[in-house]
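Visitor: Attaching a single structure in structure tokens format; questions to follow.
There are 2 protein chains.
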Amino acid sequence: MIEPLSEAERIDALDGLPDWDHDDGRDAITRRFVFADFSEAFGFMTRVALLAEKADHHPEWSNVWNRVDVTLTTHDAGGLSVRDVAMAQAIDAVVG
Amino acid sequence: MIEPLSEAERIDALDGLPDWDHDDGRDAITRRFVFADFSEAFGFMTRVALLAEKADHHPEWSNVWNRVDVTLTTHDAGGLSVRDVAMAQAIDAVVG
């Protein structure tokens with residue numbers, strides 16, 4: 001079982017992830033990524049898929065051509081956990 | 001410019017795609033695929049991505065762990081076209 005972030009930890013985490021939006025209703029973070037075309041978008045998705053499988057922590061995501069919308073939350077924690085923060089940082093590193 | 005399917009063509013096409021649902025509001029077809037785990041789901045997505053890029057016709061889709069929801073429609077036609085029918089058949093062939 002993984003613990004959800006405390007209120008103070010959540011505030012700190014969101015400060016450190018300026019490109020991510022917080023979905024209060026679900027206690028999730030979301031980010032939209034826009035690429036030149038589908039090939040770039042799916043290349044990104046493939047890299048994130050490898051990160052996700054390695055961490056055993058998977059995004060909820062959707063793709064329409066050059067656009068990828070990523071949502072991170074930890075179902076076992078009922079909201080954001082350190083695993084989401086780590087995954088968001090790893091995804092940010094993919095896009096530089 | 002690609003033509004949308006006529007009413008008769010749409011009925012025929014949907015008869016031939018029994019695993020797909022028709023979204024009347026958008027004139028799109030949708031199918032949910034459920035796999036054993038994320039690895040299988042993303043393997044499927046990778047195969048569909050290759051098909052889509054080859055056909056230059058891309059799905060709208062979302063993935064949550066072992067589940068992939070696929071929507072096909074042709075924006076240039078304002079609804080279903082032969083390109084969607086061909087892509088649905090190709091995707092069905094991937095899952096056997």
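One line per chain: the protein sequences are S and B, in this order.
The UniProt record's numbering applies: residue 1 is where the first sequence begins, and numbers increase by one.
The UniProt record's numbering applies: residue 1 is where the second sequence begins, and numbers increase by one.
We put the CB at the ideal spot given by N, CA and C, even for glycine.
Can you pull out the residues from the segment 19 to 44 of chain S whose beta carbon lies closer than 8 Å to at least one beta carbon of chain B?
Guide: Phe-38, Ser-39, Phe-42
Visitor: Would you kindly work out how many angstroms separate the C-alpha atoms of Asp-76 of chain S and Phe-38 of chain S, rounded to a whole number?
Guide: Distance between the alpha carbons of Asp-76 of chain S and Phe-38 of chain S: 32 Å.
Visitor: Applying a beta-carbon distance threshold of less than 9 Å, which residues of chain S neighbour Phe-52 of chain B?
Guide: Per the sequence presented here, residue 52 of chain B reads as Ala, with Phe not at that position. Correct list: Phe-38, Phe-42.
Visitor: Is Phe-42 of chain S helix, strand or coil when you go by DSSP?
Guide: helix
Visitor: Return the first residue and the last residue of the alpha helix (DSSP H) that Ile-91 of chain B is part of.
Guide: 82 to 95
Visitor: Return the chain-ordered list of same chain residues with a C-beta closer than 6 Å to the C-beta of Asp-27 of chain B, the five sequence neighbours on each side being excluded.
Guide: Excluding residues up to 5 positions away in sequence, Gly-79, Leu-80 lie with their Cβ nearer than 6 Å to the Cβ of Asp-27 of chain B in the same chain.
Visitor: My guess is that Val-70 of chain B and Arg-31 of chain B are in contact by the Cβ rule of under 8 Å, so how many angstroms apart are they, rounded?
Guide: 5 Å
Visitor: Relative to the alpha-carbon of Val-15 of chain S, which residue among S:Phe-42, S:Met-45, S:Ile-29 has its alpha-carbon at the smallest distance?
Guide: Sequence check: residue 15 of chain S is Asp here, not Val. Closest by alpha carbon: S:Ile-29.
Visitor: What does a CB cutoff of less than 7 Å around Val-68 of chain S pick up in its chain, not counting 5 residues either side in sequence?
Guide: Phe-33, Ala-41, Phe-44, Met-45, Trp-61
Visitor: Whose CA, out of B:Glu-9, B:Ile-91, B:Ile-2, B:Met-1, lies closest to the CA of Arg-47 of chain B?
Guide: B:Ile-91
Visitor: Considering just the uninterrupted stretch of the beta strand (DSSP E) at Ile-29 of chain S, what are its terminal residues?
Guide: 28 to 34
Visitor: Taking only the alpha-carbon atoms, compute the straight-line gap between His-58 of chain B and Ala-8 of chain S and give it to the nearest angstrom.
Guide: 42 Å
Visitor: Taking C-beta pairs closer than 7 Å, name the residues in chain S that His-58 of chain B reaches, listed in chain order.
Guide: Phe-38, Trp-65
Visitor: How about Ala-55 of chain S and Arg-83 of chain S: do their beta carbons lie closer than 8 Å?
Guide: yes
Visitor: Name, please, each residue of chain B whose Cβ falls closer than 7 Å to the Cβ of Leu-77 of chain S.
Guide: According to the sequence provided, residue 77 of chain S is Ala. The question's Leu does not apply to it. None at all; the shortest Cβ gap to chain B is about 16 Å.
Visitor: 8 Å is my cut-off, CB to CB: does Thr-74 of chain S come that close to chain B?
Guide: No - not a single Cβ of chain B is within 8 Å of the one on Thr-74 of chain S.
Visitor: Straight-line CA distance for Val-95 of chain B to Ala-88 of chain B?
Guide: A straight-line Cα-Cα distance of about 11 Å links Val-95 of chain B and Ala-88 of chain B.
Visitor: Please tell me whether Thr-74 of chain B and Ile-2 of chain B are closer than 8 Å, where the distance is taken between their beta carbons.
Guide: Cβ distance < 8 Å, so Thr-74 of chain B and Ile-2 of chain B count as in contact.
Visitor: Taking only the alpha-carbon atoms, compute the straight-line gap between Leu-51 of chain S and Leu-72 of chain S and give it to the nearest angstrom.
Guide: One C-alpha to the other measures close to 13 Å.
Visitor: Can you tell which of S:Pro-18, S:Trp-20, S:Asn-66 has its C-alpha closest to the C-alpha of Ala-36 of chain S?
Guide: S:Asn-66
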